[in-house]
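> Residue numbers (my numbering), protein chains in the order written: chain B, 1 to 477; chain R, 1001 to 1238.
Backbone N, C-alpha and C define an ideal beta-carbon position, used for all residues, glycine too.
First the structure, which I've put down as structure tokens, then a few questions once you've had a look.
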């Protein structure tokens, strides 16, 4: 799947999103519900939430500043416990390594717990080419997988855009399900089907919420417990992580896990928080005999050290997505990326390039809601602005008409004389378009505005004229 | 107290009544108002669209225009915040960064100035009517002015206030966003209009002419009877 989802152009995707009434209702109610839960679990529950945010930011910045050191420490400690570590610079390298493990084990049945990193490297497609049966075991991901690989529309709640009736239809078609759309019955069906898959799996593949450098451990956060079965039953385990997803010690992990669960789902803790270290040891009753950690770069080291570095602080909680007023109306698929919302609009052009994703940084009013909630204080709206600056000034990818307009603006706004003349003649210039106090069908850039709204006619007496006349009047007195 | 008014281009050209109300209000509160004619636009439309180079010329012009001012006051949270951003934009520039910092330090949004500098919470205004208030994003989140407008409105005699549902949500203006992403902007402003209607208010009050032009323009197009007023106009009613 890689980062890109769908084949349509941005405008078309947005149009589809806006006309999907069900999706919009689901997103709006999820956003409203999540905002309340998140506030209760953060500001209200902890009180000194701003201190937590500062601490979260500090931990993530420290890790990024010393990433080479911690990656080495992590690798050494994983190896010490008998695990294998592979550092993949590209998604091809990551897939090649995983393919070699699969081939060596002659594996045919693979179970996975939720992982954005494996989406990013299109791991499932590669495994299917190897004739493996790959099963997503996170319920949301499982539903999407069954539904002809429908792409995720949210990084925490991937099937947010589907209602239970749609899920029932998918189960009926793909699993021969005959019961109702009651969520408990649907979940039961998934449990029954998935249990067989867990038991038959040769390899378990997981993502990684945080890796702990000090011990070579990694942590998985779920509400379904599926990751525990993925890591307990199959003989071979492969964990795939983005190269920035680590913490120095358990102490920092505890802080970030708490911030992740509170922000992602408004819970103090999720039902399962699992920390695993290396393969099964002599007295262990379960766990894999063989453990592989694949650390993936896939463009991240290019972001490191540059003006977008802070985006790598992200802990994938989706709080920014849950407050974004643009995401609210267009939904996740409109972004054309597995990473939607504000974090997606910042990260996707960096990983997938401006050619494909030059519209995303403009899909924001720069309202700052994302920056305000981010638990690790990524200045998201500033980074969106930074992208715009790069697109206009370095990449030269802005539309020509806009460039001309902005050039004229630069001249007019910088020159009081030009500004004065321009604002003086505005009422006359706009007269053909004006009716009473409003413009209903504006020319040029105003056209898009007036498609939905009235635009005010310029004042015949500008404020500055009023002020000047009033001062003159005062002097006469 | 001497106040130098940064009226904003929007008010100068399209909402002169907001400028007038600001002048009259501040004079009534004992300020002496100065309006330097060389003021233009703060640069935000170009800056936010990514045209940093083009916008810097306007910014330099504004820095020079207000260099002698003691207090710079603007009836717009968003434009006032733009002045606060200047030092970051000119960071590392030995000539313009210190000048930009000096301008940023003396710049206030209108209600912030009244509450924080004039130390007044009741401006003696009277306004009969059911109102609701739109909290503009730049003013609340970026400039950090959340309480001042509410404090002042609370003390207006005759005013009946209903909180706007979803008040923290952007109205969909976003400068050039409203034009570049017109379809998304329309959906956002429509939800805002629905929320305004839910309050049953006769007046929608705001502290940023641009947001009001967006919400007001949509309500006018849809034939909604709700009237739109800038907070300066309400505080100037007596």
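Can the beta-carbon of residue 1182 of chain R be found closer than 8 Å to that of residue 448 of chain B?
Start at 1 with the first residue of the second chain, and residue 1182 of chain R comes out as number 182. Start at 1 with the first residue of the first chain, and residue 448 of chain B comes out as number 448. A contact, by the Cβ cut-off of 8 Å.
> Show which residues of chain B have a CB atom less than 9 Å away from the CB atom of residue 1203 of chain R.
Counted from its first residue, the second chain places residue 1203 of chain R at position 203. Under the 9 Å cutoff, chain B gives no residues; its nearest Cβ is about 17 Å from residue 1203 of chain R.
> Taking residue 237 of chain B as part of the beta strand (DSSP E), name the residues at either end of that continuous run.
On the first chain, position 237 is the one that residue 237 of chain B refers to. Segment 236-242, the beta strand (DSSP E) holding residue 237 of chain B.
> With a threshold of 7 Å on Cβ separation, who are the neighbours of residue 1033 of chain R within its own chain once the five nearest residues in sequence on each side are excluded?
In the second chain, the residue the question calls residue 1033 of chain R occupies position 33. Closer than 7 Å at the Cβ level, and outside the excluded window around residue 1033 of chain R, lie 1003, 1005, 1023, 1026, 1027.
> Would you tell me roughly how many angstroms separate the C-alpha atoms of residue 187 of chain B and residue 172 of chain B, rounded to the nearest one?
On the first chain, residue 187 of chain B is found 187 positions in, with the first residue counted as 1. On the first chain, residue 172 of chain B is found 172 positions in, with the first residue counted as 1. Approximately 13 Å between the Cα atoms of the pair.
> Using the C-alpha atoms, what's the distance from residue 112 of chain B back to residue 193 of chain B?
The count along the first chain starts at 1 and reaches residue 193 of chain B at position 193. The count along the first chain starts at 1 and reaches residue 112 of chain B at position 112. When rounded, the distance between both Cα atoms is 14 Å.
> From the DSSP secondary-structure annotation, give me the bridge partner or partners of residue 1205 of chain R.
As a position in the second chain, residue 1205 of chain R is number 205, starting the count at 1. Per DSSP, the beta bridge partners of residue 1205 of chain R are R/1133, R/1229.
> How close, in whole Å, do the beta carbons of residue 3 of chain B and residue 348 of chain B come, if the pair is a contact with beta carbons under 8 Å?
Your numbering for residue 3 of chain B matches position 3 in the first chain. Your numbering for residue 348 of chain B matches position 348 in the first chain. Contact holds; Cβ gap of about 6 Å.
> Below 7 Å on C-beta distance, what does residue 472 of chain B contact in chain R?
Counting from one through the first chain, the residue named residue 472 of chain B turns up at place 472. Those do not exist, as residue 472 of chain B stays about 13 Å from chain R at its closest Cβ, beyond 7 Å.
> Have a look at residue 16 of chain B and residue 23 of chain B and give me their C-alpha separation to the nearest angstrom.
As a position in the first chain, residue 16 of chain B is number 16, starting the count at 1. As a position in the first chain, residue 23 of chain B is number 23, starting the count at 1. One C-alpha to the other measures close to 10 Å.
> Is residue 384 of chain B near residue 326 of chain B, with beta carbons less than 8 Å apart?
In the first chain, residue 384 of chain B corresponds to position 384, counting from 1. In the first chain, residue 326 of chain B corresponds to position 326, counting from 1. In this structure, residue 326 of chain B does not lie closer than 8 Å to residue 384 of chain B by Cβ.
> Helix, strand or coil: which one does DSSP assign to residue 1158 of chain R?
Locating residue 1158 of chain R in the second chain gives position 158, where the first residue counts as 1. DSSP places residue 1158 of chain R in strand when its eight states are reduced to three.
> So, for residue 97 of chain B: in the same chain, excluding its five sequence neighbours on each side, which residues have a beta-carbon less than 7 Å away from its beta-carbon?
Translated into positions along the first chain, residue 97 of chain B becomes position 97. For residue 97 of chain B, same chain residues with a beta-carbon under 7 Å away, outside a window of 5 residues either side, are 86, 88, 294 in chain order.
> Cβ closer than 9 Å: which chain R residues qualify as neighbours of residue 136 of chain B?
Position 136 of the first chain, counting from 1, holds the residue named residue 136 of chain B. The premise fails here: residue 136 of chain B is roughly 31 Å from chain R at the closest Cβ pair, so nothing lies under 9 Å.
> Comparing C-alpha positions only, which one of R/1129, R/1144, R/1093 sits nearest to residue 1082 of chain R?
Counting from one through the second chain, the residue named residue 1082 of chain R turns up at place 82. Considering only alpha carbons, the answer is R/1144.
> Under 8 Å, with one C-beta from each stretch per pair, do the region 404-424 of chain B and the region 66-79 of chain B reach the 3-pair mark?
Under the three-pair Cβ rule at 8 Å, the region 404-424 of chain B does not count as touching the region 66-79 of chain B.
> Any beta-carbon of chain R closer than 8 Å to the one on residue 456 of chain B?
Sequence index remark: in the first chain, residue 456 of chain B carries index 456 (1-based). True, the Cβ-Cβ gap to chain R drops below 8 Å.
> Just to confirm the assignment, what range does the alpha helix (DSSP H) spanning residue 1269 of chain R have?
Nothing can be reported for residue 1269 of chain R, as the shown portion of chain R is limited to 1001 through 1238.
> Mind checking if residue 385 of chain B is an interface residue toward chain R, Cβ cutoff 8 Å exclusive?
Sequence index remark: in the first chain, residue 385 of chain B carries index 385 (1-based). Closer than 8 Å to some Cβ of chain R, the Cβ of residue 385 of chain B qualifies, so yes.
> Of all the residues that make up the region 431-465 of chain B, which are near chain R by a beta-carbon distance shorter than 7 Å?
438, 445, 448, 449, 451, 452, 453, 454, 455, 456, 458, 459, 461, 462, 463, 464
> Can you name, in chain order, every residue of its own chain whose Cβ lies under 7 Å from the Cβ of residue 200 of chain B, other than the five neighbours on each side?
Here the question's residue 200 of chain B lines up with position 200 in the first chain. Excluding positions up to five away in sequence, the list reads 109.
> Does the beta-carbon distance from residue 456 of chain B to residue 1213 of chain R come in below 8 Å?
In the first chain, the residue the question calls residue 456 of chain B occupies position 456. In the second chain, the residue the question calls residue 1213 of chain R occupies position 213. Yes, the Cβ-Cβ distance between residue 456 of chain B and residue 1213 of chain R is below 8 Å.
> Please report the residue range of the beta strand (DSSP E) in which residue 370 of chain B lies.
The residue labelled residue 370 of chain B in the question sits at position 370 within the first chain. Counting along the chain, residue 370 of chain B falls outside any beta strand (DSSP E), though it belongs to the alpha helix (DSSP H) covering 369-373.
> Sort out for me which residues DSSP pairs residue 205 of chain B with in a bridge.
Numbered from 1 along the first chain, position 205 holds the residue referred to as residue 205 of chain B. Residue 205 of chain B is bridged to B/112, B/238.
> Touching or not, the region 1117-1132 of chain R and the region 1152-1159 of chain R, by the rule of three or more beta carbon pairs under 8 Å?
yes
> Hey, out of B/471, B/367, B/352, whose CA is closest to residue 342 of chain B's CA?
In the first chain, the residue the question calls residue 342 of chain B occupies position 342. Closest by alpha carbon: B/367.
> Beta-carbon separation of residue 131 of chain B and residue 114 of chain B under 8 Å?
Your numbering for residue 131 of chain B matches position 131 in the first chain. Your numbering for residue 114 of chain B matches position 114 in the first chain. No; because the gap between Cβ atoms is not below 8 Å, this pair is not in contact.
> Mind listing which residues of the region 1132-1150 of chain R have their C-beta closer than 8 Å to chain B's C-betas, in chain order?
Of all residues in the region 1132-1150 of chain R, 1137, 1138, 1141, 1142 have a Cβ within less than 8 Å of some Cβ in chain B.
> Under 8 Å by Cβ, that's how I've got residue 1103 of chain R and residue 1072 of chain R pegged, so tell me the actual separation to the nearest angstrom.
For this step, residue 1103 of chain R is matched to residue 103 along the second chain. For this step, residue 1072 of chain R is matched to residue 72 along the second chain. Residue 1103 of chain R to residue 1072 of chain R, Cβ: 7 Å. Contact.
> Do three or more CB pairs link the region 385-404 of chain B to the region 317-325 of chain B at distances below 8 Å?
no
> Taking the beta carbon of residue 340 of chain B as the centre, do at least 16 other beta carbons fall within 10 Å, making it buried, or is it exposed?
Taking the first residue of the first chain as 1, we reach residue 340 of chain B at position 340. Classification for residue 340 of chain B: buried.
> Spell out whether any CB of chain B is found under 8 Å from the CB atom of residue 1198 of chain R.
What you label residue 1198 of chain R is simply residue 198 of the second chain in a count that begins at 1. No - not a single Cβ of chain B is within 8 Å of the one on residue 1198 of chain R.
> Thinking just about the alpha-carbon of each residue, which of R/1068, R/1014, R/1015, R/1078 is nearest to the one in residue 1043 of chain R?
The sequence position of residue 1043 of chain R within the second chain is 43, counting from 1. Out of R/1068, R/1014, R/1015, R/1078, R/1078 has the C-alpha closest to the C-alpha of residue 1043 of chain R.
> To be precise: take each residue of the region 152-185 of chain B, compare its Cβ to all Cβ atoms of chain R, and keep it if any distance is under 9 Å. Which residues remain?
none
> Should residue 163 of chain B and residue 121 of chain B be called a contact, given that it needs their Cβ atoms to be closer than 8 Å?
Locating residue 163 of chain B in the first chain gives position 163, counting from the first residue. Locating residue 121 of chain B in the first chain gives position 121, counting from the first residue. Their beta carbons are not under 8 Å apart, which means residue 163 of chain B does not touch residue 121 of chain B by this criterion.
> Return the CA-CA distance between residue 1154 of chain R and residue 1197 of chain R, expressed in angstroms with no decimal places.
Counting from one through the second chain, the residue named residue 1154 of chain R turns up at place 154. Counting from one through the second chain, the residue named residue 1197 of chain R turns up at place 197. So the two alpha carbons sit approximately 21 Å from each other.
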